[in-house]
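Each remark here refers to the structure printed beneath this line.
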Amino acid sequence: MGEDPFRVAGTTYLSRLLVGTGKFASHQVMRDALIASGADIVTVALRRVDLSRAGEGDVLDFVPAGMTLLPNTSGALDAAEALRLARLGRAATGTGLVKLEVTPDPRTLAPDPIETLRAAELMVADGFTVLPYCSADPVLARRLEEAGCATVMPLGSWIGSNRGLRTRDAIEAIVETAGIPVVVDAGLGAPSDAAEAMEIGADAVLVNTAIAISADPVAMARAFALATLAGRLARLAGRARAGGATEASASSPLTGFLGSTSGSGAPSGGAV
Ligand SMILES: CC(=O)[C@@H](O)[C@H](O)COP(=O)(O)O
């Protein structure tokens, strides 16, 4: 990849694939998948963490050394609860990074935009580096950036739905104006979804369910890593935008094969 660092709040990461830690069959499978993903940033729900760190075998014990822990406030119903969880997490883990999630609607787990913005303002004021999970809304993304967030993390589709990049147009609009990294989070169901998000200009993607519930999470983690990289390379290479053409356009000239324009000597069928 050469020089293509992913920077969040002044820290540089190599991988543009962030990985979640829920839904794995076991902590050991999770650990193996995290390693296979090559991820630098791993998110863990604070609700799952033994904040007293009293017991053995806590999920944090299976996060490979060297990976950056991104505690998340999954399950928080409002800004106050998210802030309370974040403070407990900071005290227990020592990190000021937080993935802000406020999802009061149990059916969709859609992020509450008002409480998310409120929580972001409170957390930034409290010294956190805030990475908010948010609706794919360019106006909200701008407000979160103005509030001092380190990234925005708009959803691709509902958490755990594996429905892919349903918010593509909105993500493109966010990418066009964002001055902070855009991390597409949630719903990416296949490596091709991650590649698509990166091709349209996302700085990174976050994937959990599609890796964790696949038949082979280790292989799927590797597939997502490669797809994320491929999408990034395509973006940097200047992927041509899909046009409105409804007819084919030959990739090679259809006349003049081997210097002939008469048709004799041209390969039958013509190369395109
Ligand atoms: C793990 C996490 O932080 C969530 O935002 C979410 O779980 C990711 O979405 P998927 O599980 O749909 O990949």
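Each step along the sequence shown adds one to the number in our numbering, with nothing skipped, and position 136 is 133.
Backbone N, C-alpha and C define an ideal beta-carbon position, used for all residues, glycine too.
This one's a predicted model, so the numbers in the text were calculated from it and none came from an experiment.
Residues near residue i by beta carbon distance below 7 Å, same chain, minus five either side
| i | result |
| --- | --- |
| G267 | Any reading at G267 is ruled out, since the residue's pLDDT is 42, under 50, leaving its predicted position unreliable. |
| T113 | L97, V99, P129 and C131 |
| V269 | Model confidence at V269 stands at a pLDDT of 41, short of 50, so the residue's coordinates are unreliable; what they give is reported in the following sentence. Cβ neighbours of V269 beyond the five flanking positions: A247, S248 and S249. |
| N159 | G184, G186, T206 and A207 |
| V5 | A147, T148 and P178 |
Proximity test, residue i beta-carbon vs ligand 1 heavy atom, cut-off 6 Å
| i | result |
| --- | --- |
| V204 | yes |
| D182 | yes |
| G72 | no |
| T100 | no |
| G17 | yes |
| Y10 | no |
| I156 | yes |
| T105 | no |
| T126 | no |
| T40 | yes |
Residue range of the unbroken beta strand (DSSP E) whose run includes residue i
| i | result |
| --- | --- |
| R4 | F3 to V5 |
| T270 | An answer regarding residue 270 cannot be provided, because it is not within the stretch -2 to 269 covered by the chain. |
| A216 | Where A216 is concerned, there is no enclosing beta strand (DSSP E), although the alpha helix (DSSP H) it sits in stretches over P214 to L233. |
| I38 | I38 to A42 |
| V95 | L94 to L97 |
| T126 | T126 to C131 |
| V278 | Because the chain here runs from -2 to 269, residue 278 falls outside it and cannot be looked at. |
| V16 | L14 to G17 |
| T9 | T8 to Y10 |
Run of the alpha helix (DSSP H) containing residue i, from where it starts to where it stops
| i | result |
| --- | --- |
| G86 | A76 to T90 |
| D182 | Per DSSP, D182 belongs to no alpha helix (DSSP H); it is in the beta strand (DSSP E), V180 to D182. |
| I177 | Neither: I177 is in no alpha helix (DSSP H) and is coded neither H nor E. |
| G161 | First-last for G161: undefined, no H or E at that position. |
| A116 | P110 to A122 |
| P135 | P135 to E143 |
| L251 | Unbroken run through L251: none, as it is neither H nor E. |
| L31 | H24 to S34 |
| P188 | P188 to E196 |
Own chain residues within Cβ distance below 6 Å of residue i, not counting five before or after
| i | result |
| --- | --- |
| A218 | A30, A33, S34 and I208 |
| G260 | Residue placement at G260 is flagged as unreliable, the pLDDT there being 47, under the threshold of 50; a coordinate-derived value is accordingly withheld. |
Own chain, CB closer than 8 Å to residue i, minus 5 neighbours either side, in chain order
| i | result |
| --- | --- |
| R163 | G153, S154 and G184 |
| L80 | A116, L119, M120 and D123 |
* Asked: Any contact of the region 103 to 112 with the region 144 to 155, i.e. 3+ C-beta pairs under 8 Å?
  -> Under the 8 Å Cβ criterion, the region 103 to 112 counts as touching the region 144 to 155, having at least three qualifying pairs.
* **Sufficient close CB pairs (3 or more, under 8 Å) joining the region 53 to 60 to the region 225 to 243** => Touching, no, given that fewer than three Cβ pairs across the two stretches are closer than 8 Å.
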